[in-house]
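Here is the structure we will look at.
In my numbering, the protein residues as written are 6 to 281.
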């Protein structure tokens, strides 16, 4: 097989690569052994290409399976974290977040009052733990272990962590997008005089927990002479909607930084989660 991998004919390699991909993860130990032991640069590059293609295909399959039952947000996030950081212990990271949330006063943790739960989470994440937005964003700032260890991260991963923390205290939140950021929305019963409609309220995890109503958000855009723009899940599970926003931000960062590393992976996953 290494002789075929060294064949200069690109059509030979193309056919061989498809065979490796069809074999799936079972081919990985064999390819890794070739990559470690070969002295030929081209064979090593092709072994690495095949390894990456198989891992990409396997992760895409895992994502699509998760998308069928996306209620478990941690599972979906873990799939991507493990792809880009194979040695990361995702379960330990989740347990660390659960420990953070366990510090919240038990009598208020599951009170059912969304506004109070938001205040509790904001105090924990932004005052106690000191989570902050990042100024010079890079690809690593799109992931939860970077946010939790360095206290800095990009918009979407702030939202992802907030969603996970909210799930721990049974706080129902849904993602929404405005230009340049992702928000989380919750609803509360209307106050007297508001014709019985629910009032939408938003929290900005990337804005360190700033909260505002839909009317305030609309006013903000009008002051800046921007057309009102708010995108929310339509026909999508909220976790899938957020996953799309997360991958879109990763892709944008890789394009902006002109980094080819991981770009094909992110592009593939972004298209896959959209069903394209």
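Note that beta-carbon positions come from the ideal geometry of N, C-alpha and C, so glycine has one too.
Own chain, CB closer than 7 angstroms to residue i, minus 5 neighbours either side, in chain order
| i | result |
| --- | --- |
| residue 272 | 256 |
| residue 103 | 173 |
| residue 131 | 213 and 214 |
Residue i - partner residues in DSSP beta bridges
| i | result |
| --- | --- |
| residue 316 | The structure shown does not extend to residue 316, since the chain is modelled only from 6 through 281, so no value can be given for it. |
| residue 206 | 191 and 218 |
| residue 186 | 183 |
| residue 236 | 182 |
Residue nearest to residue i in terms of C-alpha spacing, selected from the options
| i | options | result |
| --- | --- | --- |
| residue 169 | 216, 98 and 128 | 98 |
| residue 276 | 249, 132 and 263 | 249 |
| residue 208 | 253, 160 and 252 | 160 |
| residue 110 | 129, 237 and 92 | 129 |
| residue 22 | 44, 42, 38 and 48 | 48 |
| residue 263 | 251, 127, 144 and 16 | 144 |
| residue 142 | 158, 152 and 153 | 158 |
| residue 236 | 83, 166, 219 and 140 | 219 |
| residue 251 | 270, 41, 162 and 261 | 162 |
| residue 192 | 119, 27 and 16 | 119 |
| residue 268 | 279, 153 and 254 | 254 |
Residues near residue i in its chain [Cβ-Cβ closer than 6 angstroms; skip 5 each side]
| i | result |
| --- | --- |
| residue 216 | 208 |
| residue 106 | 170 and 173 |
| residue 88 | 64 |
| residue 10 | 48 and 51 |
| residue 270 | 61 |
Neighbourhood of residue i by C-beta, 8 angstroms cutoff - its chain only, sequence neighbours within 5 removed
| i | result |
| --- | --- |
| residue 25 | 32, 36, 55, 58 and 59 |
| residue 185 | 160 |
| residue 4 | No statement about residue 4 is possible, as the shown extent of the chain runs from 6 to 281 and does not include it. |
| residue 156 | 134, 135, 136 and 137 |
| residue 19 | none |
| residue 67 | 84 |
Touch test, the region 123-135 against the region 165-181, Cβ-Cβ under 8 angstroms, three pairs minimum: Segments in contact, yes.
Stretch-stretch touch, CB-based, cutoff 8 angstroms, three pairs: the region 53-64 with the region 22-33: Flag = yes, the region 53-64 and the region 22-33 touch.
Runs of alpha helix (DSSP H) wholly within the region 70-110 (minimum 4 residues, chain order): Scanning the region 70-110 from its first residue to its last, the whole alpha helix (DSSP H) runs of 4-plus residues come out as 78-89 and 95-107.
Three-pair Cβ contact test at 8 angstroms for the region 72-79 versus the region 238-245: Yes: the two stretches touch, three or more of their Cβ pairs being nearer than 8 angstroms.
4-residue-minimum alpha helix (DSSP H) runs that sit fully inside the region 236-276, ordered along the chain: 243-261
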